[in-house]
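Note that my numbering has the sequence shown beginning at 8, numbered continuously upward.
Note that the Cβ used here is the ideal one computed from N, Cα and C, for glycine as well.
First comes the structure, then the notes that go with it.
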Amino acid sequence: MKTRIPHPTRALTTSLLLTLALGAASGQAKAQTALDLPGAVTRALSGNADINTSRANLQKAQANYAATAADPTSIITSKLSAKQGLESAQLNVAATKLSVMNSVVGGYAGAYETALRVELYAAQQALYSRNLSIAQAKLKAGTATALDVTKAQNTLNSTAQDLSDARAQLPIQEAQLGKLLGLSGDLKLQPLRAAPALPASLSALQNNLDTRLSSVQQAAQGVESAQQQVDISNNDYTPARTLQDAQTALQNAQRSLADTQKAAQNSLKDAYRSAQNAGKQVEIAAAALSANQTTQAQTQARLKAGTAAAVDVQSASVNVQQAQLTLTQAQDSLWKALSALSVAAGQDLTGLVK
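See the structure below:
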């Protein structure tokens with residue numbers, strides 16, 4: 008009697024349910040929240056603890072600056088300190104938003120990709136289990152060797168382990184994402200939409216970079232403070248040694264600023280190249296998916312014509328599923344590269360930060 012051939016594994020669905028089991032003791036079903044990446048970022052920006060702290064610090068800095076400016080007894084060092092504190096607090100709010108967005112993009116993409124891998128490994132396990140059965144049947148018929156069976160068994164075992172690992176990683180990643188979003192219920196994640204193209208040239212992003220990065224701002228403030236100390240020490244009533252120490256501190260601060268500026272430019276260049284490469288990888292993965300889909304259609308036609316077996320169609324279907332995952336990973340890598348570039352550039356290049 009001929010063994011019944013199961014239907015080939017179907018391609019990836021357009022969305023996956025990712026259940027976030029985040030600490031509820033009740034056995035009742037939780038309310039499900041449908042969310043896409045822009046919605047996830049918006050939710051994180053509105054309730055993230057770090058952002059709330061940065062906003063509170065900004066309010067304090069604004070109050071301190073206003074009070075110092077209104078106080079007729081404030082000396083110039085106090086006024087400079089208050090001004091710098093306000094500038095730092097203002098830039099920190101923007102920088103914290105970009106950092107949180109970067110974390111959400113990474114967490115969202117990671118959880119979604121892992122769920123896709125679970126689907127793929129399950130499909131591969133079904134295929135390799137079938138291949139093992141075929142190898143065992145061929146061994147009985149004398150058309151395969153025991154080594155062929157061993158190889159098929161090893162392939163199946165390896166895939167089963169990959170599936171087990173992915174299933175173990177998924178709840179951890181889901182919990183981490185849920186923490187970022189401040190959600191405790193079930194979450195239905197939608198696929199990431201196509202990432203935007205690079206909206207600016209490298210030279211455009213390099214322009215005024217110093218004014219957008221906290222690290223450079225802090226170094227520049229160090230120079231400003233050191234210059235003030237030189238200015239107030241350069242007189243007839245301050246010891247010469249004090250002036251010399253202030254001048255040395257200024258020189259050190261200037262070197263530190265130059266080093267920080269150079270590091271910022273290098274980080275920006277590296278992040279920009281990564282984003283460019285990620286965009287190319289999306290194109291390559293899309294072409295590979297198209298080729299696999301063509302092969303799948305041809306194999307299905309051959310099956311109808313009697314020149315291919317059902318297992319060939321199943322194998323082609325799994326290859327399409329693998330290519331779809333690769334494309335998704337490439338698209339997610341582009342999102343992550345753009346979010347990392349946003350942090351390096353000190354401005355949002357993803358369109359996610361409102």
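Please report the residue range of the alpha helix (DSSP H) in which residue i lies.
i	result
residue 82	Residue 82 -> no alpha helix (DSSP H), and no H or E assigned at all.
residue 244	Counting along the chain, residue 244 falls outside any alpha helix (DSSP H), and DSSP gives it neither H nor E.
residue 178	153 to 188
residue 343	317 to 352
residue 210	209 to 213
Quickly, what does DSSP pair residue i with across the bridge? List them, please.
i	result
residue 41	195
What residues in its chain sit with their C-beta under 6 Å from that of residue i, if we drop five residues either side in the sequence?
i	result
residue 289	337, 338, 341
residue 267	222, 223, 226
residue 360	104, 108
residue 57	103
residue 159	138, 139, 142
In chain order, what residues of the same chain lie with their CB nearer than 7 Å to the CB of residue i, ignoring the 5 residues before and after it?
i	result
residue 343	112, 113, 116
residue 81	75
residue 47	111, 115, 188
Based on Cα-Cα distance, which residue from the options lies nearest to residue i?
i	options	result
residue 174	61, 128, 96, 259	128
residue 205	279, 141, 148, 48	279
residue 118	160, 231, 199	199
residue 353	327, 209, 263	209
residue 101	275, 274, 220, 238	220
residue 89	106, 65, 110	65
residue 67	330, 151, 96	96
Could you check whether the Cβ of residue i sits closer than 9 Å to any Cβ belonging to chain C?
i	result
residue 281	Looking for chain C here will not work: only one protein chain is present.
In chain order, what residues of the same chain lie with their CB nearer than 8 Å to the CB of residue i, ignoring the 5 residues before and after it?
i	result
residue 99	61, 64, 65, 221
residue 349	105, 108, 109, 355, 356, 357, 360
Unbroken alpha helix (DSSP H) runs of length 4 or more, entirely within the segment 231 to 292: which are they? none
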